[in-house]
Ligand SMILES: Nc1ncnc2c1ncn2[C@@H]1O[C@H](COP(=O)(O)OP(=O)(O)O)[C@@H](O)[C@H]1O
Ligand SMILES: [Mg+2]
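In my numbering, the protein residues as written are 12 to 232.
What follows is the structure, encoded as structure tokens:
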């Protein structure tokens, strides 16, 4: 989806919002509405935003989706688990010093982990800074328990996931998520990458809820 060019819209660090504080682009709104229906019975609360490689728009879509859901009175937390390429801290202008890694190491309490953003009902948990071995973090019992807590404290838990083709981190995230949204970027992601990623996701038991095509300009190339 392309950012809408409209003089009433403002773009701040990749988050689009209009001046009266409502959500904006049709694409993000549609995605938000789809998710509201998908989670009507509360069974698709933890959503993993995944794509083949980096730079396809995962962080941007996670952020815009969270802001949109927040405006519908849903309490949302976005968790940055793309340890090799964290981006939520920049988008929301928050510190990534203490996040999931420090929580697992016992250096930050659960109560202090989610950071309240300037957007209504939107909280962010960063990956943190002490990341030596991401798969050790992701397989730990404390990590699984963290997701159980988030599940009971929030209406939506959005995981900004590591991409499929760079590491195996995405596999561990499938285990804590209810479903996956698969992103591909128009003009960048190749058919082979998409096919390979979908194969990997399916092989590892992902429940693919839908797909998001980013940066589509309406043309066929
Ligand atoms: N729809 C869009 N239009 C223009 N630029 C975008 C769009 N979506 C993302 N970007 C930019 O592209 C870059 C990569 O996006 P990002 O969300 O960080 O991808 P990922 O998290 O998959 O690595 C960022 O600089 C972001 O601001
Ligand atoms: Mg990212």
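The beta-carbon is built from N, C-alpha and C at its ideal position, and this holds for glycine as well. In this text, all values refer to a predicted model and were calculated from it rather than measured experimentally.
query, result
"CA nearest to the CA of residue 174, picked from 50, 103, 67", "67"
"Selected residue, minimal CA-CA separation from residue 192, among 53, 52, 51, 76", "76"
"Validate contact between the stretch 128-142 and the stretch 38-54 using beta carbons, cut 8 angstroms, 3 pairs", "no"
"Cβ-heavy atom distance, residue 106 to ligand 2, below 7 angstroms", "no"
"Inter-stretch contact at 8 angstroms, needing at least 3 Cβ pairs: the stretch 143-161 / the stretch 100-110", "no"
"Residue 69 beta carbon near ligand 1 (any heavy atom closer than 7 angstroms)", "yes"
"In DSSP terms, what residue 167 is bridged to", "87"
"Segment contact flag, the stretch 175-187 with the stretch 212-232, C-beta cutoff 8 angstroms, min 3 pairs", "yes"
"Identified DSSP bridge partners for residue 59", "170, 191"
"Local Cβ density within 10 Å of residue 151, reported as buried at 16 or more and exposed below that", "exposed"
"Alpha carbon of residue 80 to alpha carbon of residue 118, nearest angstrom", "30 angstroms"
"Candidates 186, 170, 43, of which the one nearest residue 84 by Cα", "43"
"Residue 70 - containing alpha helix (DSSP H), residue span", "69-82"
"Secondary structure of residue 137, DSSP reduced to three states", "coil"
"Alpha-carbon spacing of residue 124 relative to residue 200, whole angstroms", "34 angstroms"
"Ligand 2 heavy atom lying under 7 angstroms from the CB of residue 245", "A question about residue 245 goes unanswered here, because the residues of the chain that appear run from 12 up to 232."
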